[in-house]
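S.K.: Would you mind keeping the following structure in view while I ask a few things?
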Amino acid sequence: MDIEQKQAEIIDQLVKRASTCKSEALGPLIIEATSHPSLFAFSEILALPNVAQLEGTTDSVYLDLLRLFAHGTWGDYKCNATRLPHLSPDQILKLKQLTVLTLAESNKVLPYDTLMVELDVSNVRELEDFLINECMYAGIVRGKLDQLKRCFEVPFAAGRDLRPGQLGNMLHTLSNWLNTSENLLISIQDKIKWADNMSEMDKKHRKEAEEGVEEVKKSLSMKRE
Amino acid sequence: MAPSSSSGLTFKLHPLVIVNISDHYTRVKTQLNPPASICASGHGSNNGEAMIQQNPRVYGCVIGVQRGRTVEIFNSFELLYDPSTQTLDRSFLEKKQELYKKVFPDFYILGWYSTGSDAEESDMHIHRALMDINESPVYVLLNPAINHAQKDLPVTIYESELHVIDGIPQLIFVHTSYTIETVEAERISVDHVAHLKPSDGGSAATQLAAHLTGIHSAIKMLNSRIRVLYQYLAAMQKDDIPCDNSLLRQVSSLLRRLPAMESERFQDNFLMEYNDKLLITYLAMITTCSSNMNEMVDKFNTAYDRNTRRGGRTAFM
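So the sequences go chain by chain: A and B.
By the numbering used here, the letter at position 224 of the first sequence is numbered 241, and the numbering carries on one by one without gaps.
By the numbering used here, the letter at position 93 of the second sequence is numbered 1093, and the numbering carries on one by one without gaps.
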């Protein structure tokens, strides 16, 4: 998918820089990563050993910030605003975009009211502008805005970084999908067999009826003679 | 005889060429072996002739465009082959080339085609002959043998390269890879041919079976792909392979698209359409039944009703 390709180069660059620089310089690097307009994936940077070392040091706020961007939402930020460094407008925008992605994870139809609460927007016009400009043009979501029902239908949303537990869920969903499609295959085969059987029976029935007619005709002609 | 090519050219083949070649071959084969006399020709002539008769080699020219390193083969036409001199009819080729140039000014002669299972030595003569029109012609070979187990097209494209063998530089054929490129019109016709239903299978059951078989194979392919994803994720969970986050993200976004259709509007519309269809089938069935009944009653009346008619009507039986 194109988003992944767009991000792949940026991720590579940042990973290279992060692995070479020391822990003090990692702070500004993280800030740069979180404000980059096309970068929505942070788990590669999170996985680097230098970054993990930030835990427990004075700069651990940056690690928490990175974790927030990888898994959390705007709501999480507001709750913990005191512990985390102040965000620039770029970062705020990105965090709101990521919030939309998280909301799209659970439901396919997002009502405007929920979106307005989650994103701290007061009127529908601003919300729609945000959705159209920041989310759809950036390519992270594709969907339809339904003004009459005041909801946003999302058939496609880009993936966020995975929390550790989500892999199990994904496996579960995949296995369900597999089972359903296998059952579907079996029922289609049954239907094909049924259709063939029905046509066989129909042909037999027709033949029997014709044979009966022939017999009656013969008996009639013999009676005449 | 056919190592891989190293010229770096990318070849794109249009389905029209493949259909043309197979059509040419089928026509020649049917003309040589008209169906009624296949048994006769098998016994009378000697084996060599019978073999050639049953598998004629056809020859023709392929034309297209070459832009930079991409060679795109659009169309083809047939050529006359003179088996005595083992050359192609030159004047015919030039005449055809002129005609095609008028209609398609951009197309050049890119090479030639033939049928058979493998490239042969005699093909090199024809190849050399064409080298004065195009300095590096391509040779498209179609294998007309039908092999049901084979999944790819039996079409191979060869290029000629100068290789040094035993100290002598020789031109030999080398294999090149190609991709199939379609224009919208071609895609429609190929799709149409792929979905040919048997013309006498008018009964509803065979059509239904054909349709369901199509759906069945499509879902089977989907199934195998999902299985691959599943095994990949399972291996990742057991740490057999390193985690590729970008892939995991894509899979998670894919899984979020399920279930694909869940709104109530869909359910309502679906049920409504289903009920409509059932209702119409029922109505059609009732109409047929009532008309049959009507006919039967008429026949019954005509056959058995003579008691109520006085005067004039004689008995039928």
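Glycine residues also receive a C-beta, built at the ideal position from the N, C-alpha and C atoms.
For clarity, every value in this text was computed on a predicted model and none was experimentally measured.
Just the C-alpha distance for H103(A) and A69(A), rounded to the nearest angstrom, thanks.
M.R.: 21 angstroms
S.K.: Please report the distance separating the alpha-carbon of L1130(B) from that of E1121(B).
M.R.: 15 angstroms
S.K.: Please determine if the stretch 145-164 of chain A and the stretch 1181-1190 of chain B are in contact, where contact requires at least 3 C-beta pairs separated by less than 8 angstroms.
M.R.: no
S.K.: Evaluate A226(A) with the Cβ neighbour count: other Cβ atoms within 10 Å of its Cβ, from every protein chain shown; 16 or more gives buried, anything less gives exposed.
M.R.: exposed
S.K.: Name, going along the chain, the residues of the stretch 1229-1244 of chain B whose beta-carbon falls closer than 9 angstroms to a beta-carbon of chain A.
M.R.: L1229, Y1230, L1233, A1234, M1236, Q1237 and C1243
S.K.: Where do the ends of the alpha helix (DSSP H) carrying Y129(A) lie?
M.R.: Y129 to L136
S.K.: For the stretch 167-178 of chain A, which residues have a CB atom closer than 9 angstroms to at least one CB atom of chain B, in sequence order?
M.R.: E170, V171, P172, F173, A174, A175, G176, R177 and D178
S.K.: Where L237(A) and T1026(B) are concerned, what is the direct C-alpha to C-alpha distance, given to the nearest angstrom?
M.R.: Approximately 55 angstroms, taken between the alpha carbons.
S.K.: Does any residue of chain A have a CB that is nearer than 8 angstroms to the CB of A1209(B)?
M.R.: yes
S.K.: Rounded to a whole number of angstroms, what is the C-alpha to C-alpha distance between D1141(B) and R1069(B)?
M.R.: With the sequence shown as reference, residue 1141(B) is identified as Leu, and Asp is not the correct amino acid for it. Approximately 21 angstroms, taken between the alpha carbons.
S.K.: Can you pull the chain B residues whose beta carbon is under 8 angstroms from the beta carbon of D213(A), in chain order?
M.R.: A1205 and A1209
S.K.: Please report how far the alpha carbon of M1124(B) lies from the alpha carbon of I1165(B), in whole angstroms.
M.R.: 16 angstroms
S.K.: With H, G and I counted as helix, E and B as strand and the rest as coil, what does DSSP make of D1268(B)?
M.R.: helix
S.K.: Which bits of chain B does I47(A) rub up against, with CB to CB less than 7 angstroms?
M.R.: The premise fails here: I47(A) is roughly 17 angstroms from chain B at the closest Cβ pair, so nothing lies under 7 angstroms.
S.K.: Is M1272(B) buried or exposed, if buried means 16 or more other CB atoms sit within 10 Å of its CB?
M.R.: exposed
S.K.: Taking Cβ positions only, does N200(A) come closer than 8 angstroms to chain B?
M.R.: no
S.K.: Could you list which residues in chain A have their beta carbon closer than 8 angstroms to that of N1223(B), in chain order?
M.R.: L195, S198, E199 and L202
S.K.: Less than 8 angstroms between the CB atoms is what I'm expecting for I47(A) and L101(A), so what's the real figure, rounded?
M.R.: 12 angstroms between Cβ atoms; not a contact.
S.K.: So which of N1292(B), P1015(B) and R1227(B) has the shortest CA-CA distance to N1075(B)?
M.R.: P1015(B)
S.K.: At the 8 angstroms Cβ level, is T190(A) part of the contact set with chain B, yes or no?
M.R.: Closer than 8 angstroms to some Cβ of chain B, the Cβ of T190(A) qualifies, so yes.
S.K.: R1257(B) CB to nearest chain A CB: under 8 angstroms?
M.R.: yes
S.K.: By the 10 Å Cβ neighbour count, where 16 or more other Cβ atoms means buried, how is F1266(B) classified, buried or exposed?
M.R.: exposed
S.K.: For T1287(B), count neighbouring C-beta atoms within 10 Å of its own C-beta (all shown protein chains included) and say buried if the count is 16 or more, exposed if not.
M.R.: exposed
S.K.: Contact check, F86(A) vs L132(A) under 8 angstroms by CB: the rounded distance?
M.R.: Between L132(A) and F86(A) the Cβ distance is about 19 angstroms, and since that is not below 8 angstroms, they are no contact.
S.K.: Starting from Q1066(B) and walking both ways along the beta strand (DSSP E), at which residues does that stretch end?
M.R.: Y1059 to R1067 is the extent of the beta strand (DSSP E) around Q1066(B).
S.K.: Distance check for H1127(B) and G1116(B), CA to CA, integer angstroms please.
M.R.: 16 angstroms
S.K.: Is E122(A) close to chain B? Criterion is C-beta to C-beta, closer than 8 angstroms.
M.R.: yes
S.K.: Which residues in chain B have a C-beta closer than 9 angstroms to the C-beta of Q206(A)? List them in chain order.
M.R.: L1212 and H1216
S.K.: At a cut of 8 angstroms, does the stretch 21-33 of chain A reach the stretch 1234-1249 of chain B through at least three beta carbon pairs?
M.R.: yes
S.K.: Would you say A98(A) and D178(A) are within 8 angstroms of each other, going by their C-beta atoms?
M.R.: no
S.K.: Using a Cβ cut-off of 8 angstroms (strictly closer), state whether S1252(B) contacts chain A.
M.R.: At least one chain A Cβ lies under 8 angstroms of S1252(B).
S.K.: Mind checking if Q183(A) is an interface residue toward chain B, Cβ cutoff 8 angstroms exclusive?
M.R.: yes
S.K.: Exposed or buried, F1300(B), counting other C-beta atoms within 10 Å across all chains shown (16 or more means buried)?
M.R.: exposed
S.K.: Compute the beta-carbon to beta-carbon distance between K113(A) and W91(A), rounded to the nearest angstrom, for a pair I have assumed lies under 8 angstroms.
M.R.: 5 angstroms
S.K.: Does I1188(B) have its Cβ less than 8 angstroms from a Cβ in chain A?
M.R.: no
S.K.: Rounded to whole angstroms, what is the Cα-Cα separation between T1087(B) and R1227(B)?
M.R.: 54 angstroms
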